[in-house]
Amino acid sequence: MRWIWIDKFIEFNSGKSAVALKNVTLAEEHLHDHFPGFPVMPECLMIEGMAQTAGILVGEARNFDEKVILAKIKKAAFFDFVRPGDTITLHAEIESISEEAASTVGRIMRGDDLIAEISLMFSHIDNNLAGKEFPEENFVFTDMFNSLLTGFIGDKASSEQST
Amino acid sequence: MAMSREEIFEEVQEVLVDALGLDDDEVTEEATLMGDLGAESIDFLDIVFRLEKSFGIKVPREELFPAESLMNNPEFVSNGKVTEKGLAEFKAKLPHTDFSGFESDPDINKLPDLFTVKSIVNFVEQKLNAA
């Protein structure tokens with residue numbers, strides 16, 4: 026299993042908003058344990074899915090120059106279970122973005138039903154943490170994530186990665 | 009229309025309640041952000057973003073919370089104490105903060121106690137008046 030909790034983007038407005046989609050399937054191992062006999066997508070993984078959706082949006086807004094790390098969950102409220110066979114969409118919007126950080130608001134939907142509201146803060150770690158140094162390469166945005174943007178922003182992500 | 013100090017305080021209070029997950033009555037003017045209210049570094053950025061949105065002002069983080077860059081400068085901080093030069097710099101950079109109690113014993117560990125709810129209210133008041 027790979028640590029990727031969105032299947033594709035269906036909308037991507039650079040620097041503004043993005044919508045990602047995830048299909049939930051019983052092939053995902055953890056659903057068999059969470060909970061036995063009543064499989065639901067864990068809420069923490071929905072937060073991770075939103076962090077990936079919003080994190081890519083924030084990263085792309087600065088050409089993937091920054092290492093974008095989830096720093097704070099400002100809000101996470103859940104209104105319904107997500108079951109195997111469900112398709113959810115993750116809607117993220119940039120609320121504020123600066124040199125050091127970004128804040129996003131988001132909601133997860135299943136069709137027209139509101140599943141969750143999740144607002145996050147991201148840190149651009151090279152401009153934060155009192156000048157602590159991190160590896161040169163952008164270890165946050167790997168090819169796995171960049172490939173999700175194919176068709177939305179051309180080859181920008183992959184060419185940035187290789188330079 | 010100009011906001012009264014009371015109105016500014018109430019708005020700042022709401023910002024801090026939302027950003028730090030507090031109850032209204034915990035956010036008094038004297039409360040220190042780190043010591044009393046448990047704010048961490050990322051919370052300061054969250055607070056900055058929220059203040060910008062609530063008051064429609066631009067808040068460079070360096071202006072409201074410049075301590076990080078000043079504390080790492082050996083000219084300003086030596087042997088765990090803020091030097092005279094440092095104190096002058098802090099005062100210049102932080103006109104919204106009250107240093108009167110700090111001057112007699114400028115222990116670096118007490119620096120966080122200077123960042124109170126009141127200093128944010130002062131900061132916003134000065135920003136709004138300057139606009």
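Residue numbers (the working numbering), protein chains in the order written: chain A, 26 to 188; chain B, 9 to 139. All residues carry an ideal CB built from backbone N, CA and C; glycine is no exception.
Taken atom to atom, the span from the alpha-carbon of Ile140 of chain A to that of Ile113 of chain A is near 8 Å.
Taking 8 Å as the threshold, the shortest C-beta distance from Glu60 of chain B to chain A falls below it. Between Lys101 of chain B and Pro68 of chain B, the C-beta spacing is not below 8 Å.
Residue range 126 to 135 is occupied by the beta strand (DSSP E) that includes Arg132 of chain A. Taking a Cβ-Cβ threshold of 7 Å, the residues of chain B close to Ala96 of chain A are Ile50, in chain order. Assignment of Ser148 of chain A by DSSP, reduced to helix, strand and coil, places it in the strand class. Distance between Gly88 of chain B and Glu34 of chain B, taken at the CA atoms: about 30 Å. Leu30 of chain B: not part of any beta strand (DSSP E); DSSP gives it neither H nor E. CA-CA distance, Pro103 of chain B to Phe131 of chain B, rounds to 8 Å. Taking a Cβ-Cβ cut-off of 7 Å, the neighbours of Glu125 of chain A in chain B comprise Leu53, Arg69, given in sequence order.
For Asn137 of chain B, the three-state secondary structure derived from DSSP is helix. Cβ-Cβ distances below 7 Å link Ile72 of chain A to Ile98, Ala101, Ile143 in the same chain, with the five nearest sequence neighbours on each side left out; the list follows chain order. A buried status is given to Gln21 of chain B, since no fewer than 16 other beta-carbon atoms sit within 10 Å of its beta-carbon. Across the structure, Ala117 of chain A and Leu46 of chain A are spaced so that their CA atoms are roughly 11 Å apart.
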